[in-house]
Amino acid sequence: MQVKQLICNVMRMAGRPDAAEECEQGGTLSDEVKRMQTAMLLCLNAVVDELARGYFPLRAAEEMTSPDGNYAFSSFARLPCRIVRVTSGGRRVPWKVIPLKLSCASRRIEVEYEYVPERLELGDEFSYPDGAVGEYLVSCGVAAEYLIIAGDVSCAEMWERRYREEIERRLALSPAAGIIPPRRWI
Numbered sequence: 001m002q003v004k005q006l007i008c009n010v011m012r013m014a015g016r017p018d019a020a021e022e023c024e025q026g027g028t029l030s031d032e033v034k035r036m037q038t039a040m041l042l043c044l045n046a047v048v049d050e051l052a053r054g055y056f057p058l059r060a061a062e063e064m065t066s067p068d069g070n071y072a073f074s075s076f077a078r079l080p081c082r083i084v085r086v087t088s089g090g091r092r093v094p095w096k097v098i099p100l101k102l103s104c105a106s107r108r109i110e111v112e113y114e115y116v117p118e119r120l121e122l123g124d125e126f127s128y129p130d131g132a133v134g135e136y137l138v139s140c141g142v143a144a145e146y147l148i149i150a151g152d153v154s155c156a157e158m159w160e161r162r163y164r165e166e167i168e169r170r171l172a173l174s175p176a177a178g179i180i181p182p183r184r185w186i
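When we follow the working numbering, the leftmost residue of the sequence shown carries the number 1, and every step to the right adds one.
(1) Please look up how many angstroms separate the CB atoms of ARG78 and TYR128, rounded, as I've assumed it's under 8 Å.
(2) With 16 other CB atoms within 10 Å as the buried threshold, where does VAL97 fall?
(3) Using the Cα positions of THR65 and ARG91, report the straight-line distance between them to the nearest angstrom.
(4) On the three-state DSSP scale, how would you describe LEU147?
(5) List the residues that DSSP assigns as beta-bridge partners of VAL97.
(6) Going by the beta-carbon positions, is the gap between LEU23 and ILE149 smaller than 9 Å?
(7) What first and last residue would you give for the beta strand (DSSP E) that runs through GLU114?
(8) I think PHE126 touches GLN2, with their Cβ atoms under 8 Å apart; what is that distance to the nearest whole Å?
(9) State the Cα-Cα distance for the pair ILE180 and ALA172, rounded to the nearest angstrom.
(10) Assuming TYR136 contacts GLU166 (C-beta within less than 8 Å), just tell me the rounded distance between them.
(11) Would you kindly work out how many angstroms separate the C-alpha atoms of VAL47 and CYS81, rounded to a whole number?
(12) Return the first residue and the last residue of the alpha helix (DSSP H) that GLU154 is part of.
(13) How about GLU62: is its Cβ closer than 8 Å to a heavy atom in the ligand FMN?
(14) Can you give the Cα-Cα distance for LYS4 and ARG161, rounded to whole angstroms?
(15) Could you give the C-beta distance for LEU120 and ASN45, rounded to a whole number, given that I count them as a contact under 8 Å?
(16) Going by CA-CA distance only, name the one from ARG164, ARG170, TYR163, ASP152 that's closest to GLY15.
(17) Measure from the alpha carbon of ASP49 to the alpha carbon of each residue in ASN70, GLU118, TRP159, then state which is nearest.
(18) At what residues does the alpha helix (DSSP H) containing ALA61 begin and finish?
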């Protein structure tokens with residue numbers, strides 16, 4: 001589904017089927033609908049960011065080289081939000097994060113990190129790399145965010161509740177995160 005269509009669906013959820021129809025027709029949009037579409041796109045990116053940072057982390061791993069052991073975040077394939085592990089030659093390496101960089105003593109590393117998806121635009125195809133996150137979950141979050149901005153607090157609370165319930169439901173269906181250590185006291 002395209003981002004534009006997802007936003008049109010959210011417009012309907014927010015009680016604005018007229019704005020959704022205007023967007024779907026593809027003609028020149030009124031100023032009000034343009035503002036609504038722009039606000040919903042910002043809300044969509046905020047919801048996707050929140051899901052990636054707090055609930056459904058996205059992981060990537062890559063090998064990198066650096067002559068001085070400093071690895072700029074801009075040189076990563078994706079925008080990292082949390083470094084999980086740094087190894088060199090299969091062994092863990094001590095590292096630290098300094099402004100806009102990962103620093104360690106090794107010149108060649110394998111880094112595993114959690115990342116934030118790229119910003120979406122209206123013409124993009126919507127897909128979240130984790131299959132647990134679907135269009136309904138994201139749509140509920142966008143509707144809640146937008147309705148708060150629009151000042152409709154009671155409807156925003158309803159969509160926020162659905163959004164949080166859907167997150168909890170999806171998390172309950174996913175396998176347990178992390179590893180449970182063996183019992184060592186026996």
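Every residue, glycine too, gets a C-beta built ideally from N, C-alpha and C.
Looking at the coordinates:
(1) Not quite, the Cβ-Cβ distance comes to about 14 Å (not below 8 Å), so this is no contact.
(2) Exposed: under 16 other Cβ atoms inside 10 Å.
(3) Annotation: THR65 to ARG91 spans about 16 Å, alpha carbon to alpha carbon.
(4) Of the three classes helix, strand and coil, the one that applies to LEU147 here is helix, per DSSP.
(5) Under DSSP, the beta-bridge partners assigned to VAL97 are LEU102.
(6) In the sequence under discussion, the amino acid at residue 23 is Cys, which differs from the Leu named in the question. Not in contact: CYS23 and ILE149 (Cβ atoms no closer than 9 Å).
(7) Note, GLU114: beta strand (DSSP E), 108-116.
(8) For a cut-off of 8 Å, the C-beta gap from PHE126 to GLN2 is around 7 Å, short enough to register as a contact.
(9) Residue placement at ILE180 is flagged as unreliable, the pLDDT there being 46, under the threshold of 50; a coordinate-derived value is accordingly withheld.
(10) TYR136 to GLU166, Cβ: 7 Å. Contact.
(11) Distance between VAL47 and CYS81, taken at the CA atoms: about 15 Å.
(12) With the sequence shown as reference, residue 154 is identified as Ser, and Glu is not the correct amino acid for it. For SER154, the uninterrupted alpha helix (DSSP H) segment begins and ends at 153-173.
(13) In the structure shown, the ligand FMN is absent, as is every other ligand, since no ligand is present at all.
(14) So the two alpha carbons sit approximately 24 Å from each other.
(15) For a cut-off of 8 Å, the C-beta gap from LEU120 to ASN45 is around 6 Å, short enough to register as a contact.
(16) Ranking the options by Cα distance to GLY15, first place goes to ASP152.
(17) The candidate whose alpha carbon is nearest that of ASP49 is GLU118.
(18) Element bounds for ALA61: not the alpha helix (DSSP H) but the beta strand (DSSP E), 58-65.
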